[in-house]
Amino acid sequence: MSIPLLEITPKTQNQRVAGYEVPDEDDPQIYRLVDATSDSDIDAIIWAGYRQIFSEHLILESYRQSFLESQLRNRAISVREFIRGLGKSEVYRNLVAETNSNYRLVDISFKRLLGRATYGKDEQIAWSIVIASKGLHGFIDAVVDSEEYRQNFGDDIVPYQRRRYNERPFNLVNPRYSDYWRGRLIALDNRSYYQAAPQKDMKSAAARQGIPDSFLAMARSISPGGMNYQRSRDRAISQANNMELPDTTRKVANPQPIVGRTEVALPYRYLYQTPKV
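Take the sequence shown: its position 63, counted from the start at 1, is 63 in full-length UniProt numbering, and no numbers get skipped.
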């Protein structure tokens, strides 16, 4: 018997309030399967799904799901099933699930599958229980089959960010690794990667040099001298005015004789120009 979802009190967030913005080029583009009339339209839907779920600006060849693409092109599955398949893929597991805690996995998945952030820590805790009891595939099924997903995207619309924060899409600016995962990788006793300080008991000096806190302390200790821009400008103008330009004319060893105009006898030249008196 699965544990029921805990009761959550939604908070007032931007995506829960009707917007009054004037439509412009920053509004998200809605991709619908029913509007696709050519292969290029299907390609646009597929790439929109990749960008939304995998959060990658450039999709690698190894990330592509050829089987899902073929089924969507043949209209064998809907866009909702295509999104479900991307969420259950090994790429999503490697990029998101295995590199983040369950709380952060819930928040990232809601941003990419539902187009909104979580309603605080309570919703993250409630859905992390679903991950612990049903696994990643069960969690993806619960989100895609939820009433919220059906009401906003249905079967033919690729999920998109419903309301933006600070006028930018948050699903494309998330760092891949969080503090939790970086702390696990270098085994710093549950301390943050950026808060770690050099210790004498570390085996390698290279590990101490690679800690960002040490690098920032070293960078702060450097005080580069200032530059007098006015003096530099005057010096450059003075050098430009006093600079002698080299003679770039070409000297010829044997100059050719200059040919002048040949005097031509015009008609009636024998007549006087002025009459004699």
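Beta carbons are placed, not taken as given, at the ideal position from N, Cα and C, and that holds for glycine.
Whole-angstrom C-beta distance between I83 and residue 305, which should lie under 8 angstroms: Outside the displayed span of the chain (1 to 277) sits residue 305, for which this structure offers no information.
Who does I157 pair with in a DSSP beta bridge? For this step, residue 157 is matched to residue 157 along the sequence shown. DSSP lists R32 as partners of I157.
Is the distance from the Cβ of W127 to the Cβ of V106 below 8 angstroms? Taking the first residue of the sequence shown as 1, we reach residue 127 at position 127. Taking the first residue of the sequence shown as 1, we reach residue 106 at position 106. Contact: yes.
Pop quiz: I8 and Y92 are said to be a contact at Cβ under 8 angstroms. What is the actual Cβ separation, rounded to whole angstroms? Along the sequence shown, read from residue 1 onward, the residue named residue 8 stands at position 8. Along the sequence shown, read from residue 1 onward, the residue named residue 92 stands at position 92. Not confirmed; about 24 angstroms, so no contact.
Helix, strand or coil at Y193 according to DSSP, with G and I counted as helix: Taking the first residue of the sequence shown as position 1, residue 193 is located at position 193. Any reading at Y193 must be qualified, since the residue scores a pLDDT of 46, below 50, and its modelled position is unreliable; the value itself is stated next. The answer is helix: DSSP assigns Y193 an H, G or I state.
Note down the Cα distance separating I53 from V158, rounded to an integer number of angstroms. For this step, residue 53 is matched to residue 53 along the sequence shown. For this step, residue 158 is matched to residue 158 along the sequence shown. Their backbone Cα atoms lie some 10 angstroms apart in a straight line.
Beta-carbon proximity of D27 to S78, cut-off 8 angstroms: The count along the sequence shown starts at 1 and reaches residue 27 at position 27. The count along the sequence shown starts at 1 and reaches residue 78 at position 78. It is not a contact, given that the beta carbons lie outside the stated cut-off.
Enclosing alpha helix (DSSP H) for L60 [first to last residue]: The residue given as residue 60 occupies position 60 in the sequence shown. No alpha helix (DSSP H) holds L60; DSSP gives it neither H nor E.
Check whether the Cβ atoms of Y63 and E56 lie closer than 8 angstroms to each other. What you label residue 63 is simply residue 63 of the sequence shown in a count that begins at 1. What you label residue 56 is simply residue 56 of the sequence shown in a count that begins at 1. Yes. Within cutoff.
In whole angstroms, what is the alpha-carbon distance linking L86 and G115? As a first step, residue 86 must be located in the sequence shown, where it is residue number 86. As a first step, residue 115 must be located in the sequence shown, where it is residue number 115. If you take the alpha carbons of L86 and G115, they lie about 16 angstroms apart.
Just to confirm the assignment, what range does the alpha helix (DSSP H) spanning N100 have? Along the sequence shown, read from residue 1 onward, the residue named residue 100 stands at position 100. Premise fails: N100 is in no alpha helix (DSSP H) and is neither H nor E.
So, at 7 angstroms on beta carbons, what are the nonlocal neighbours of Q124 in its own chain, with the 5 sequence-adjacent residues on each side left out? Translated into the one-based positions of the sequence shown, residue 124 becomes position 124. Y103, V106, D107 and T118.
E61 versus N152, W47 and L72, residue with shortest Cα-Cα distance: Your numbering for residue 61 matches position 61 in the sequence shown. Of the listed residues, the one whose Cα sits closest to E61 is W47.
Check whether the Cβ atoms of I42 and L72 lie closer than 8 angstroms to each other. Along the sequence shown, one-based indexing puts residue 42 at 42. Along the sequence shown, one-based indexing puts residue 72 at 72. Yes; because the gap between Cβ atoms is below 8 angstroms, this pair is in contact.
Quick check on the DSSP output: the alpha helix (DSSP H) that includes R84 runs from which residue to which? Start at 1 with the first residue of the sequence shown, and residue 84 comes out as number 84. Start and end: V79 to G87.
What's the C-alpha gap between I30 and A36? Position 30 of the sequence shown, counted from the first residue, corresponds to residue 30. Position 36 of the sequence shown, counted from the first residue, corresponds to residue 36. Approximately 12 angstroms between the Cα atoms of the pair.
Look at the alpha carbon of D234 and the alpha carbon of M243, and state the distance between them as a whole number of angstroms. Position 234 of the sequence shown, counted from the first residue, corresponds to residue 234. Position 243 of the sequence shown, counted from the first residue, corresponds to residue 243. Approximately 14 angstroms between the Cα atoms of the pair.
Whose CA, out of A142, P246, S133 and E81, lies closest to the CA of S109? On the sequence shown, residue 109 is found 109 positions in, with the first residue counted as 1. Among A142, P246, S133 and E81, the Cα nearest to that of S109 belongs to A142.
Below 6 angstroms CB to CB, which residues in the same chain sit around D122 once its five sequence neighbours on both sides are set aside? In the sequence shown, residue 122 corresponds to position 122, counting from 1. Hits under 6 angstroms: I8.
Between the CA atoms of S38 and R75 - distance to the nearest angstrom: Position 75 of the sequence shown, counted from the first residue, corresponds to residue 75. Position 38 of the sequence shown, counted from the first residue, corresponds to residue 38. Cα-Cα distance, rounded: 12 angstroms.
For L245, name the three-state secondary structure that DSSP assigns. For this step, residue 245 is matched to residue 245 along the sequence shown. Of the three classes helix, strand and coil, the one that applies to L245 here is coil, per DSSP.
Leaving out five residues before and five after R162 in sequence, what residues of the same chain have Cβ atoms less than 7 angstroms from its Cβ? As a position in the sequence shown, residue 162 is number 162, starting the count at 1. Closer than 7 angstroms at Cβ, skipping near neighbours: Q15, G115, R116 and N152.
To the nearest angstrom, report how far apart I59 and N241 are at their CA atoms. For the purposes of this step, residue 59 is taken as the residue at position 59 of the sequence shown. For the purposes of this step, residue 241 is taken as the residue at position 241 of the sequence shown. Each residue's Cα considered, the two are about 55 angstroms apart.
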